[in-house]
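Let me begin by presenting the structure, written as structure tokens, before commenting on it.
Chains as they are written, first to last, in the working numbering: chain A, 45 to 361; chain E, 45 to 361.
In structure tokens, the structure reads:
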């Protein structure tokens, strides 16, 4: 059932990508179809399932679900500029294929499509401002992460603050909007945002762990990318806390770190328990999410939510 | 009186630029204060003056005026990435000072501040969608212009279509919103958008003419920039229409054109009446704007609008 809805989201996104430039249009449609997990729309629809079906407006829900995915896509397109990423979901990125210039405007256009969709679906609602605030948090998270690059004194607190903006915010919004526009009880709406935020935090931490543990063939982006870009994520921060002297000779090189040295650092991160301790953080967020899910109304959807959260967040442990 | 309002707009923009990164914040505030002409807020307030003062909400008008300037600033920050511009309003651009990466997110943040302001000031109004559509047209104009770079077969029609999006759209919106939220008559609201569009078209054409006629010291951006970037504007297109054979040896070099060759092309543009004919186009748009202004309600504001339009658009002739 969710699958059918996600297909409708995918179709709506394609329909909205009306960009005269056919090459860019095609690149964006390919990106939409290329195995993106549609996680944000999925959580959105699951929470909507918990609400009062009779009061729901399916067209409105569809547009909001699409808006969440498009906001995510917009940030991906701009992230790929910053990261100089050649690949995303096994496709050549827009910045690699058409240049950073085209990628700037393409991302901007996706932002306007996002706004089109939320204006159409919730004009007059206080949730418009929530969307704008979420977009702002998302960007500030990215901007701060960028400003912190190559800072060897970056803290865990700072890291958590940045991923709260760049990732957890949108998961929180997805769950919140699903509950609210799905006409759930006030209590469920309140829980939804917190559940989404915890899932988002855990999701990003696991994503950052994968940078240190995954083989290139398993993952759809080059490994150790963050390290080379000077983005020091939780596994590194935890290991460095334990043995700063082991890391400093490498990290003090900043952007001049070689691939060989980066591999040594990655090994040190594992050796000094960085991956293990980061997993402990992620597990705490997952546990908190599951505890909150327990307080949702009983039924099939609750079970599904629990299953998805467990599956998604325990994937690497 | 308008001056006082523009100062309030400036203060509101500063207030909204709450970006944790103090360097970027300072760069944006400097950009706001650095002699930007605040043309869009100016036209906005002038049209509002034509309306029913008793019905007006000063705070709402202030926010909308600021939103127009911020949307303009956002597009400048991203344009500077595309154009590799070192300077804007005699200041080092954000992309030159902090890198393209920072400039991407900074422009994005300005887009969210734009949306914050319009959501706060017109939530529930059909004008929200008009704003979103305007932003979309603006970006498509830029995207198309970029896609047309170095196309020696670019047409005048295409050029006019692109500047209608990238420049005239925002002038049209400024005048339209001034009239609408200033509670003008329906007739004035209808005229406002057309007047703004004609002013915007003439404004951009004159701006493009300056690339071929101004000394570097007079202008705040490097001359012949467009030509070197492969953006073939109206003066060149008109001259080339007359004597394609004179231009092709140079234009066929594309991005490899030298500074010396670009200067030769600039001379050819003047020799073959390109500047003259482009001015004729601009004058037509200006004349159309003035004819439409004539149909506005009588009074001081109408005189001011006429004066400003004449001053602004006949500056180079």
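By construction, the Cβ of each residue, glycine as well, lies at the ideal position given by its N, Cα and C atoms.
Contiguous alpha helix (DSSP H) assignments of at least 4 residues, all confined to the region 56-130 of chain A: 66-77, 83-93, 102-127
Chain A contacts made by the region 64-79 of chain E, where a contact means CB separation under 9 angstroms: Within the region 64-79 of chain E, 64, 65, 67, 68 place their CB atoms closer than 9 angstroms to a CB of chain A, listed in sequence order.
Nearest candidate by alpha-carbon position, reference residue 315/A, set 303/A, 343/A, 282/A, 68/A: If you number the first chain from 1, residue 315/A lands on position 271. Residue 282/A is the option with its Cα nearest to residue 315/A.
Suppose you measure from the CA of residue 321/A to the CA of residue 268/A; what does that come to, to the nearest Å? Here residue 321/A refers to the residue found at position 277 when the first chain is read from its first residue. Here residue 268/A refers to the residue found at position 224 when the first chain is read from its first residue. Cα to Cα, residue 321/A sits roughly 18 angstroms from residue 268/A.
Taking only beta-carbon positions, decide if residue 149/E is within less than 8 angstroms of chain A. Numbered from 1 along the second chain, position 105 holds the residue referred to as residue 149/E. It does; some Cβ of chain A falls within 8 angstroms.
Under a three-way DSSP split, which group does residue 33/A fall into? The first residue shown for chain A is 45 and the last is 361, placing residue 33/A beyond what the model contains.
Measure the C-alpha to C-alpha separation of residue 157/E and residue 70/E and round it to an integer number of angstroms. What you label residue 157/E is simply residue 113 of the second chain in a count that begins at 1. What you label residue 70/E is simply residue 26 of the second chain in a count that begins at 1. One C-alpha to the other measures close to 16 angstroms.
Taking any Cβ of chain A, which residues in the region 132-157 of chain E have a Cβ under 7 angstroms from it, in chain order? 144, 145, 146, 148, 149, 152, 153, 155, 156
Please decide whether residue 179/E counts as near chain A, where near means a Cβ-Cβ distance under 8 angstroms. Translated into positions along the second chain, residue 179/E becomes position 135. Chain A contact via Cβ: present.
Using the C-alpha atoms, what's the distance from residue 202/E back to residue 209/E? On the second chain, residue 209/E is found 165 positions in, with the first residue counted as 1. On the second chain, residue 202/E is found 158 positions in, with the first residue counted as 1. Inter-residue distance for residue 209/E and residue 202/E is about 11 angstroms (C-alpha atoms, whole angstroms).
At a CB-CB cut-off below 7 angstroms, which residues of chain E make contact with residue 291/A? Here residue 291/A is taken as the residue at index 247 of the first chain, counted from 1. Those within 7 angstroms of residue 291/A in chain E number zero; the least Cβ separation is about 25 angstroms.
In DSSP terms, what residue 50/E is bridged to: Numbered from 1 along the second chain, position 6 holds the residue referred to as residue 50/E. Beta-bridge partners assigned by DSSP to residue 50/E: none are found.
Pairwise C-alpha distance: residue 336/A and residue 235/A: Your numbering for residue 235/A matches position 191 in the first chain. Your numbering for residue 336/A matches position 292 in the first chain. Distance between the alpha carbons of residue 235/A and residue 336/A: 7 angstroms.
Contact defined as beta carbons within less than 8 angstroms: I believe residue 148/A pairs with residue 125/A. What is the distance between those atoms, to the nearest angstrom? As a working note, residue 148/A is residue 104 in the first chain. As a working note, residue 125/A is residue 81 in the first chain. Indeed, because the Cβ distance is near 7 angstroms, the residues count as touching under 8 angstroms.
Please list, in chain order, all residues of the same chain as residue 313/A whose beta carbon is under 6 angstroms from its beta carbon, the five residues on each side excluded. As a position in the first chain, residue 313/A is number 269, starting the count at 1. So the list reads 256, 279, 280, 283, once near-sequence residues are dropped.
Does the region 224-241 of chain E come into contact with the region 76-95 of chain E, if we say contact requires no fewer than three beta-carbon pairs (one atom in each stretch) closer than 8 angstroms? yes
What is the C-beta distance between residue 346/A and residue 352/A, in whole angstroms, given that I count them as a contact (C-beta under 8 angstroms)? Translated into positions along the first chain, residue 346/A becomes position 302. Translated into positions along the first chain, residue 352/A becomes position 308. Not a contact, Cβ separation roughly 11 angstroms.
Could you work out which residues of chain E lie near residue 45/A, taking near to mean beta carbons separated by less than 9 angstroms? One-based indexing of the first chain puts residue 45/A at position 1. Correct list: empty, because the minimum Cβ distance to chain E is about 31 angstroms.
Listed by chain order, chain A residues near residue 160/E by CB distance under 8 angstroms: Taking the first residue of the second chain as position 1, residue 160/E is located at position 116. Within 8 angstroms Cβ-Cβ: 173, 176, 177, 180.
Spell out a yes or no on whether the region 180-192 of chain E and the region 172-189 of chain A are touching, meaning 3 or more CB-CB pairs, one atom from each, closer than 8 angstroms. no
For the region 52-71 of chain E against the region 101-116 of chain E, do three or more pairs of beta-carbon atoms, one drawn from each stretch, fall closer than 8 angstroms, so that the two count as touching? They touch, by the three-pair rule.
Checking contacts by CB at 8 angstroms: is residue 4/E closer than that to chain A? The structure shown does not extend to residue 4/E, since chain E spans only 45 to 361, so no value can be given for it.
Three-state secondary structure assigned by DSSP to residue 132/A: For this step, residue 132/A is matched to residue 88 along the first chain. Secondary structure at residue 132/A: strand, using DSSP grouped into helix, strand and coil.
With H, G and I counted as helix, E and B as strand and the rest as coil, what does DSSP make of residue 355/E? For the purposes of this step, residue 355/E is taken as residue 311 along the second chain, with counting starting at 1. In this structure, DSSP gives residue 355/E a helical state, which the three-state scheme calls helix.
Short check: CB of residue 142/A to CB of residue 68/A, under 8 angstroms? On the first chain, residue 142/A is found 98 positions in, with the first residue counted as 1. On the first chain, residue 68/A is found 24 positions in, with the first residue counted as 1. Residue 68/A sits close to residue 142/A, with the two beta carbons spaced by under 8 angstroms.
8 angstroms contact criterion, which residue 129/A and residue 196/A should meet: CB distance rounded: Translated into positions along the first chain, residue 129/A becomes position 85. Translated into positions along the first chain, residue 196/A becomes position 152. No, residue 129/A and residue 196/A are not in contact; Cβ-Cβ is about 24 angstroms, not under 8 angstroms.
Could you name the residues of chain E that residue 191/A contacts, counting a contact when the two beta carbons are closer than 9 angstroms? Along the first chain, one-based indexing puts residue 191/A at 147. The answer, in chain order, is 64, 65, 67, 68, 146.
Under 8 angstroms Cβ-Cβ, which residues of chain A neighbour residue 183/E? Locating residue 183/E in the second chain gives position 139, where the first residue counts as 1. Residues of chain A with a Cβ closer than 8 angstroms to the Cβ of residue 183/E are, in chain order, 149, 152, 153, 156.
Excluding the five sequence neighbours on either side, which residues of its own chain have a C-beta within less than 7 angstroms of the C-beta of residue 216/E, listed in chain order? Numbered from its first residue, the second chain carries residue 216/E at position 172. So the list reads 237, 240, 241, 244, once near-sequence residues are dropped.
Where do the ends of the alpha helix (DSSP H) carrying residue 219/A lie? Residue mapping note: residue 219/A aligns to position 175 of the first chain, counting from 1. From DSSP, the alpha helix (DSSP H) with residue 219/A extends over 213-225.
Look at the alpha carbon of residue 356/A and the alpha carbon of residue 82/A, and state the distance between them as a whole number of angstroms. Here residue 356/A is taken as the residue at index 312 of the first chain, counted from 1. Here residue 82/A is taken as the residue at index 38 of the first chain, counted from 1. Spanning the two alpha carbons is a distance of roughly 13 angstroms.
Please list the segments of the alpha helix (DSSP H) lying wholly inside the region 275-353 of chain E, counting only runs of 4 or more residues, in order along the chain. 278-286, 288-295, 303-315, 318-338
Can you list, in chain order, the residues of the region 94-128 of chain E whose Cβ is nearer than 7 angstroms to any Cβ on chain A? Cβ contacts with chain A come from 122, 125, 126.
Can you list the residues of chain A that residue 187/E reaches, using a CB-CB cut of under 9 angstroms? Reading the second chain from its first residue, position 143 is the one you call residue 187/E. Under the 9 angstroms cutoff, chain A gives 63, 64, 65, 68, 146, 149, 150, 152, 153.
What is the DSSP secondary structure of residue 209/E, counted as helix, strand or coil? Looking up residue 209/E in the second chain gives position 165. Three-state DSSP puts residue 209/E in a helix.
Who are the neighbours of residue 167/E on chain A, taking C-beta pairs under 9 angstroms? Numbered from 1 along the second chain, position 123 holds the residue referred to as residue 167/E. By Cβ distance, chain A contributes 167, 168, 169, 170, 172, 173.
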